[in-house]
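The structure appears right after this line, and notes come after that.
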Amino acid sequence: MSDVLLKVSGVSVSIPTGQGAVHAVDDAAFSINKHEVFSLIGESGSGKSILGQAIMRLLPPNAVFSGKVELGGMEISALSEKEMQKVRGKTVASIAQNPYLAMNPGIRVGTQIAEPMRAHLGMSKEEAKARTCRALKYFDIIPPEVREREYPFQYSGGMLQRAMVAMGTAADPELIIADEPTKGVDVLKKRNIAAIFQKVASDGCAFLLITHDVGFARAMSDRIAVNYCGQIIEIAGRDAFFKEPLHPYSQALLDAVPERGMHPIPGSSPSMIEVPEGCRFHPRCPYKTDRCLTNPPVVKLEGRCVRCWIYA
Amino acid sequence: MLKDYFIRRALYLIPVLIFISFMSFSLIYIAPGDPAEIMMTSPSGGYDEAAVEAFRIAHGLDQPFYIQYLNWFKGAVVGNFGYSYMSEQPVFETVLNAFKNTLTLSVLALVIALVIAIPFGVVSALKHNTVVDDACRFCALFGVSIPNFWQAYMMIILFSVILHWLPPSGFGHGTEISYMILPATVLGTGSAAVMMRMIRSSMLDVMGKEYIQTARGKGLSEKIVIIRHALKNALVPVITVIGLSIGFLLNGSVVVETIFGWSGIGNLVVDSILSHDYMMVQGSVLFVAVIFLLINFFVDLVYVWANPEIRYDRNS
Chain A
1 MSDVLLKVSG VSVSIPTGQG AVHAVDDAAF SINKHEVFSL IGESGSGKSI LGQAIMRLLP
61 PNAVFSGKVE LGGMEISALS EKEMQKVRGK TVASIAQNPY LAMNPGIRVG TQIAEPMRAH
121 LGMSKEEAKA RTCRALKYFD IIPPEVRERE YPFQYSGGML QRAMVAMGTA ADPELIIADE
181 PTKGVDVLKK RNIAAIFQKV ASDGCAFLLI THDVGFARAM SDRIAVNYCG QIIEIAGRDA
241 FFKEPLHPYS QALLDAVPER GMHPIPGSSP SMIEVPEGCR FHPRCPYKTD RCLTNPPVVK
301 LEGRCVRCWI YA
Chain B
313 MLKDYFIRRA LYLIPVLIFI SFMSFSLIYI APGDPAEIMM TSPSGGYDEA AVEAFRIAHG
373 LDQPFYIQYL NWFKGAVVGN FGYSYMSEQP VFETVLNAFK NTLTLSVLAL VIALVIAIPF
433 GVVSALKHNT VVDDACRFCA LFGVSIPNFW QAYMMIILFS VILHWLPPSG FGHGTEISYM
493 ILPATVLGTG SAAVMMRMIR SSMLDVMGKE YIQTARGKGL SEKIVIIRHA LKNALVPVIT
553 VIGLSIGFLL NGSVVVETIF GWSGIGNLVV DSILSHDYMM VQGSVLFVAV IFLLINFFVD
613 LVYVWANPEI RYDRNS
């Protein structure tokens, strides 16, 4: 039991808009063990990123949150904002998708990397600077003393990506939430990102990878969760999942990747405001029956679970 | 590259200054009235033809227009701006002294403007679309819309006539803050309104950027996120407005200095125009133009400081 690092239970998030509330996350429940790489895969716009923001407690101010998030046995969803600031960047850190947008253009890269050290490890300016240089060197950003004093625009894309990982890992977090790390990135860069992440993971850091990139998730993860229309519809170990996906959407998703013939999923993603009744996938599901019009249960099978009537 | 740019900028100043001096000389020459007659008119109203003629010859006013300009120009190039017809003091010294007074007032006004604009602009952005924001924006609109001279009189009525807190006008020795408060506030509030709106929109834009969310994700407090990560970036476009405001403050001083009897450059220009003191008008206009151009030049430098992407040339 002590192996569980992050436990998410019954988390729902809805965001009011002019057209009605967007039900971005519905009843999410999963846990991530220490040192584990856990991927949350699904289409763009299925609410994955919002779930990441909900864990970090960095949701838009008008978002409505309910549920419970525990990190290392502490219920972080109940902390005050001030206490939460001590957790962010320290125990759980996030790495954003686009380093050009996520780094402050007006502040030296070294200063930005040193910020979590100064805030969480109580380091002096000099100590933080020395540690920043070591981190830069660790991520192959050389010569560190020079690079530390440069601004983001002076970095190449790949270098900035590594600098961002250095920033995320600055205060030795136990969990990193990486949101779409491979979005809009070519194959070569993707391989580099995978290599850096693996390097960090091998140091013992757990990952929550939020991605639409099935191949990347397969290469990286220990376990996989599939998100569809705001709901997690399947969680399984990586090998079991790719060998035999249970949920019809998981099956369709895997058939849609280029290596498996790129079969498109019929129909289109449902609106997140007026979600389909019952199983959210039923309008597109080849196996649908009448009972799919009522909410399917989360069925627990050995080491995995699936939200589908077929297995009930 | 950057150095070349600034040298080029500096060279551009020369034709601009020649053009400005020629324009101001022409305008004052065309304006009705004869400086010699005005200077030689006795307080009782009459003047002596011979004295007027002697004055004209002594100051070269009998020569054609372009010769007069060229004579002035020749002097100006070597730093001799001539003497005032009226006080017979050297123009340069007089202008410099008057400008010092205007500068004191403008700097104080700028400080007042920034002290009002930055906090209110930031608060307005952080609380956007709330009552606080509406109130700030209403005040800003009010501040932009009120004419300087009206605000000046209203403040004199309130603070001098009714409350007796501050002197209504005057210069004192040029150092007493009590004489500066009213004119500086009148000048400052006008610019504050413009700057506040600028800071608000710029701050709103920056607060929506992803790197703000990144900074929060590092566990920094909201105060540090706003001050360190947002404000500096938000102030970059505002620098231009501040530069323009300095010009506005120097211009605005003409009206405000006249109302408050402040012996600055605004008052000097108005007096010299009224008395057709060619030398003084030329000297002050040119001086203000140089200052204005230097400020713009300086604003460019500050821009480079605030924006590292310009500071470090990619090619070098």
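Protein sequence lines correspond, in order, to chains A and B.
Here our numbering is used: the first residue of the first sequence is 1, the next is one more, and so on.
Here our numbering is used: the first residue of the second sequence is 313, the next is one more, and so on.
The beta-carbon is built from N, C-alpha and C at its ideal position, and this holds for glycine as well.
Just so we're clear, the structure is a prediction, and the values are computed from it rather than from any experiment.
Contact holds between the segment 498-508 of chain B and the segment 439-458 of chain B, because three or more Cβ pairs, one in each stretch, are under 8 Å apart.
Following the DSSP letters along the chain, one finds T17/A inside the beta strand (DSSP E) bounded by residues V4 to T17. Annotation: the continuous alpha helix (DSSP H) that includes E83/A extends over E81 to V87. DSSP lists V92/A and A206/A as the bridge partner or partners of L175/A.
The DSSP-derived three-state label of G110/A is helix. For V8/A against A29/A, the beta-carbon gap comes to about 6 Å, under 8 Å, which counts as contact. Within chain A, the residues G106 and Y151 have their CB atoms less than 7 Å from the CB of P620/B, given in chain order.
Rounded to whole angstroms, F604/B and P549/B show a C-alpha spacing of 19 Å. Burial of Q231/A is indicated by the presence of at least 16 other C-beta atoms within 10 angstroms of its C-beta. Burial state of L160/A is buried, judged by a 10 Å Cβ sphere holding 16 or more other Cβ atoms.
Cβ-Cβ separation between Y590/B and P347/B: approximately 6 Å, consistent with a contact (criterion under 8 Å). Between the segment 516-534 of chain B and the segment 89-106 of chain A there are three or more inter-stretch CB-CB distances shorter than 8 Å, so the stretches are counted as touching.
The beta-carbon of M117/A is placed no less than 7 Å from the nearest beta-carbon of chain B. For S44/A, no CB of chain B lies under 7 Å from its own CB, so it is not counted at the interface with that chain. L160/A is outside the set of residues whose beta carbon lies under 7 Å from a beta carbon in chain B. K68/A sits in a strand when the DSSP states are folded into three classes.
Between S490/B and L478/B, the C-beta gap is smaller than 7 Å, which places the two residues in contact.
Only residues of its own chain outside the window of five on either side were considered, and among them R108 and V109 have a CB closer than 7 Å to the CB of E150/A, listed in chain order. Here DSSP, grouped into helix, strand and coil, assigns H120/A to helix. Chain A places a beta carbon closer than 7 Å to that of K544/B, counting this residue as a contact.
For H23/A, DSSP records a beta bridge to S14/A. DSSP places E405/B in the helix class (H, G or I) of the three-state scheme. Around the beta-carbon of W384/B, 16 or more other beta-carbon atoms lie within 10 Å, marking it buried. Contact check for V434/B and M515/B: beta-carbon distance about 6 Å, within the 8 Å limit, so the pair qualifies.
For H541/B, the nearest CB of chain A lies under 7 Å from its own CB, placing it at the interface with that chain. Listed along chain B is no residue with a C-beta nearer than 7 Å to that of A54/A; the closest approach is about 13 Å. With the criterion set as a beta carbon lying under 9 Å from some beta carbon of chain A, the members of the segment 526-540 of chain B are T526, A527, R528, G529, K530, G531, L532, S533, E534, I536 and R540, in sequence order. In the structure shown, G168/A adopts helical secondary structure according to DSSP, grouped into three states. Apart from sequence neighbours up to five positions away, the residues of its chain that approach M164/A with a beta-carbon distance below 8 Å are I95, A96, P99, A102 and M103, ordered along the chain. A straight line joining the alpha-carbon of A217/A with that of V11/A spans about 23 Å. Look at N33/A here: in three-state DSSP terms it is strand. Residues L5, L6, I32, L71, T91, V92, A93, C205, A206, F207 and L208 of the same chain have their beta carbon placed closer than 8 Å to that of L175/A, with the five preceding and five following residues left out of the count. Secondary structure at N295/A: coil, using DSSP grouped into helix, strand and coil. Going by DSSP, R223/A is part of the beta strand (DSSP E) stretching over R223 to Y228.
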